[in-house]
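Worksheet: the structure to be examined is printed underneath.
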Amino acid sequence: MAALLRLPALGRARGRRRAAHHVTAALATGRAAWAAPDLPEGAMAVPCALITSCAAEFPGEELVKRIIGAEVLPADVSPGGGAQFYPWTIDNKYYSASVHLCVVPNRFLVTGAIAESVQAFLVYFDSTTVSGLDGVSSWLPLVEEWLPEVMILVCDRVSDTGVSRQKAQEWCIKHSFELVELNPEEVPDEDDDFPESTGVKRIVQALNANVWSNVVMKN
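All residue numbers for the sequence shown refer to the working numbering, where the first residue is 15 and numbers rise by one.
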């Protein structure tokens, strides 16, 4: 059990307090469109995995479908305002938790309610272009305020002519992200005693290993 689940860090609570302060400051300076319709009653208690894409050909909704293993998206329960909330129940042998896979096209659509509920951050980027990480880096000021437990940098496959594995891994180490390729060129040997998970399987594994704020432990 201890090997799978990571206990919530004090940094999460501190991060949320900083996030609230950041939202207030942003409203005062007009730097971002934080004001948005209130979430439905009870929705604030649902933590979210914020998903965004910096590649036009791969929208965040596509990553949602791969995570939940469905060809059709579930019903969007968002109140409007540009972000989409897709309910997802994590149910494993250790716990169950209801979360929202929250797709936000750009950082200016992040509301105060979303900022308060972010507990995981997944961002897709185009690794085929040298500047592929530029759009991702623009999210860093917000991510540093939120301090989510799970932070994953996603691409189809690293590219020697765009963003190489070394460059992507150096970026991830610097900013405490994990790199996940959806279609890696090299896959772990199945004969290994402890093969590493890759692709969407690794993303789902990381989300399952997180201890969400509304987790219900099993006996």
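Even for Gly, the Cβ is constructed at its ideal location relative to N, Cα and C.
Straight-line Cα distance separating residue j from residue i
i              : j              : result
alanine 84     : tryptophan 102 : 12 Å
glutamate 158  : threonine 142  : 26 Å
valine 214     : cysteine 186   : 18 Å
glycine 126    : glycine 94     : 14 Å
alanine 129    : arginine 121   : 11 Å
glycine 96     : alanine 89     : 15 Å
leucine 41     : valine 124     : For leucine 41, the predicted structure reports a pLDDT of 29, less than 50, and the residue's modelled location is therefore unreliable. The matter cannot be settled from this model.
proline 198    : leucine 167    : 14 Å
proline 162    : threonine 175  : 31 Å
histidine 189  : arginine 80    : 25 Å
arginine 179   : arginine 171   : 9 Å
tryptophan 153 : serine 67      : 11 Å
glutamine 219  : serine 92      : 25 Å
methionine 231 : serine 151     : 36 Å
asparagine 106 : isoleucine 82  : 14 Å
valine 144     : serine 173     : 9 Å
glutamate 210  : proline 119    : 31 Å
Paired residues, beta bridge with residue i - DSSP
i             : result
threonine 212 : DSSP, once it has assigned bridges, lists no residue as partnering threonine 212.
arginine 64   : The question names arginine, but residue 64 is leucine in the sequence shown. Leucine 64 is bridged to Cys116 and Phe135.
valine 230    : Ser110
Sub-7 Å separation of residue i and residue j beta-carbons
i              : j            : result
proline 61     : valine 113   : yes
isoleucine 234 : leucine 156  : There is simply no residue 234 to check, as the chain begins at 15 and stops at 233 in what is shown.
valine 229     : tyrosine 109 : yes
proline 117    : glutamine 98 : The displayed chain sequence assigns valine, not proline, to residue 117. Closer than 7 Å, so yes.
tyrosine 138   : leucine 77   : yes
alanine 134    : alanine 63   : yes
leucine 147    : valine 177   : yes
threonine 212  : valine 225   : no
- Please list the segments of the beta strand (DSSP E) lying wholly inside the stretch 86-116, counting only runs of 3 or more residues, in order along the chain. 98-105
- Where are the alpha helix (DSSP H) runs, 4 residues long or more, that stay fully inside the stretch 139-200, in chain order? 148-151, 154-160 and 179-189
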